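Before any comments, here is the structure.
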Amino acid sequence: MAGVSVDEAMRRAVTLAARGLGTTSPNPVVGCVLLDSDGTVVGEGFHAYAGGPHAEIVALAQAGERARGGTAVVTLEPCDHIGRTGPCSLALVQAGVARVVIAVPDPNPVASGGAATLRAAGIQVEFGVRAQEAEVGNIAWLTSMRRGWPYVIWKFAATLDGRSAAADGTSMWITSEAARIDVHALRGTVDAVLAGVGTVLADDPRLSARNLRDGTLAIRQPLRVVVDSSGRTPAAARVRDGAARTWIATAAEVGAGPDGRVDLPALLAELHRRGVRAALLEGGPRLAGAFLAAGLVDKVVGYVAPKLLGAGRTALVDAGVTTIADAIDLEITDVTQIGPDLRITALPRKREA
């Protein structure tokens, strides 16, 4: 890869950053490409895991002296603080780069300020190249840091007529094995999986990320959270099996809303304090309805099976909608066939005040 433009280098940096999805939290995903003074790629890297070297450090190690006088192209503003690793801003200054091109500024007040440090050292700094792509690739972390609670994905599986279980309560399996494998991959990209106590009592899910073919657990497991207002989760529930950390979130611990149930904004604030930047809301229909009614869902991922039941439990209950004018509008961003099923990804549209 020689003689590339800054735009091309940023596109590559965004691609590199995506390799860290699911392993860097509570840190962001970041990619970096280093160009020498002739525009030749001399180093590249991404942040692979929390506590490990940042993208800029990996790229600088590859480049060595070839970084001097060159350009660092990075998806997120270089950090300016000492945490488990040193500040990337200082590393770039010491490496002698002449220019740093950044897609997105760092919203974290603890780590931000890298651009100012670079400018103070006489380095040219530019923002905004492929900013939208970098935002999308890092949306969970950026959203979480900007507002102080996790990015929430509601995932559901249903028949074509919106049923998540038959009239007799059976629900295994609504969707195909291919779709369920995809769900486990999705679990591997988040920090927490949430379910209501009703789902735990009815279905006794594990909520862990597994390889369905041999049952082995993924190396990194999300925190399992049971939203259980009055502490009804059985001691023998599979969610307590030790395969992953589990938090039974009760109203007594988290705080209660006006309805006496767990206060959802307080729950999300506590999850953020615990390092959760992305949360997957998996069940059940009433908890999903409460999250949607409160405007706390950022993305919807629905697995729709080509089946009809005509009766049984619905995938969603009481989302605060009483008339068609109040329907929660969604913007569909992707439709992909997974085995015989469809995976539909959508974003709730923001309502005008």
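Numbering (full-length UniProt numbering) for the sequence shown: 1 to 353.
Even for Gly, the Cβ is constructed at its ideal location relative to N, Cα and C.
Because the structure is a prediction, the values reported are computed rather than measured.
Beta-bridge partners assigned by DSSP to C32: G45, V74. The three-state secondary structure of A278, taken from DSSP, is strand.
When the alpha-carbon of S171 is set against those of G3, Q337, G284, the nearest one is in G284. Looking at the backbone, the Cα of E331 and that of V301 are separated by about 12 Å. Short of 6 Å from the beta carbon of L309, and not among the five residues preceding or following it, lie these beta carbons of its own chain, in chain order: T159, R163, A166.
Contact between V97 and A50 is ruled out by a C-beta separation of about 25 Å, above the 8 Å threshold. Around the beta-carbon of E77, 16 or more other beta-carbon atoms lie within 10 Å, marking it buried. Scanning the segment 194-263 from its first residue to its last, the whole beta strand (DSSP E) runs of 3-plus residues come out as 223-227, 246-249. For A61 and G43, the gap between their C-alpha atoms comes out near 8 Å. Under the Cβ criterion (8 Å, minimum of three pairs), the segment 233-245 counts as touching the segment 192-206. H47 and P109 have their alpha carbons spaced roughly 20 Å apart. Setting aside the 5 residues that flank it on each side, Q221 is surrounded in the same chain by S208, A209, A243, A244, R245, each with a C-beta closer than 8 Å to its C-beta; the list follows chain order. For the pair V4 and R130, the CB atoms are not nearer than the 8 Å cut-off. Here S230 is exposed, its C-beta having fewer than 16 other C-beta atoms within 10 Å. L21 and T189 have their C-alpha atoms some 6 Å from each other.
The three-state secondary structure of T345, taken from DSSP, is strand. Boundaries for R99: no alpha helix (DSSP H) harbours it, while the beta strand (DSSP E) harbouring it runs 99-104, taken from the DSSP string. For G137, the enclosing alpha helix (DSSP H) stretches over residues 131-137. Under the three-state reduction of DSSP, G302 is assigned to strand. Nearest neighbour of R286 by Cα position, chosen from D228, V104, A140, K350, turns out to be D228. Pairing G257 with L264 gives a Cβ-Cβ distance under 8 Å. V335 sits exposed, since fewer than 16 C-beta atoms from the chains shown fall within 10 Å of its C-beta. Here the C-alpha atom of H272 lies approximately 6 Å from the C-alpha atom of P150. Note that the C-beta distance between H184 and L212 is below 8 Å. Straight across, the Cα-Cα distance linking K299 with T71 is about 35 Å.
Here the alpha carbons of Y303 and A157 stand approximately 5 Å from one another. In this structure, the beta-carbon distance from D341 to A315 does not fall below 8 Å. Going by beta carbons, A278 and I153 fall inside the 8 Å limit. Judged by beta-carbon spacing, A252 lies beyond the 8 Å limit of V226, meaning their Cβ atoms are not closer than that value. Closest by C-alpha distance to V100, out of V239, M10, G320, is M10.
Looking from the CA of G198, the closest CA among A218, A178, G169 belongs to G169. Between K155 and L281 the beta-carbon gap is near 7 Å, inside 8 Å, which marks them as a contact. A269 is positioned such that its CB atom lies closer than 8 Å to that of G148.
Between the alpha carbons of V6 and A134 lies a gap of roughly 14 Å.
DSSP places A157 within a strand segment (E or B) once states are collapsed to three.
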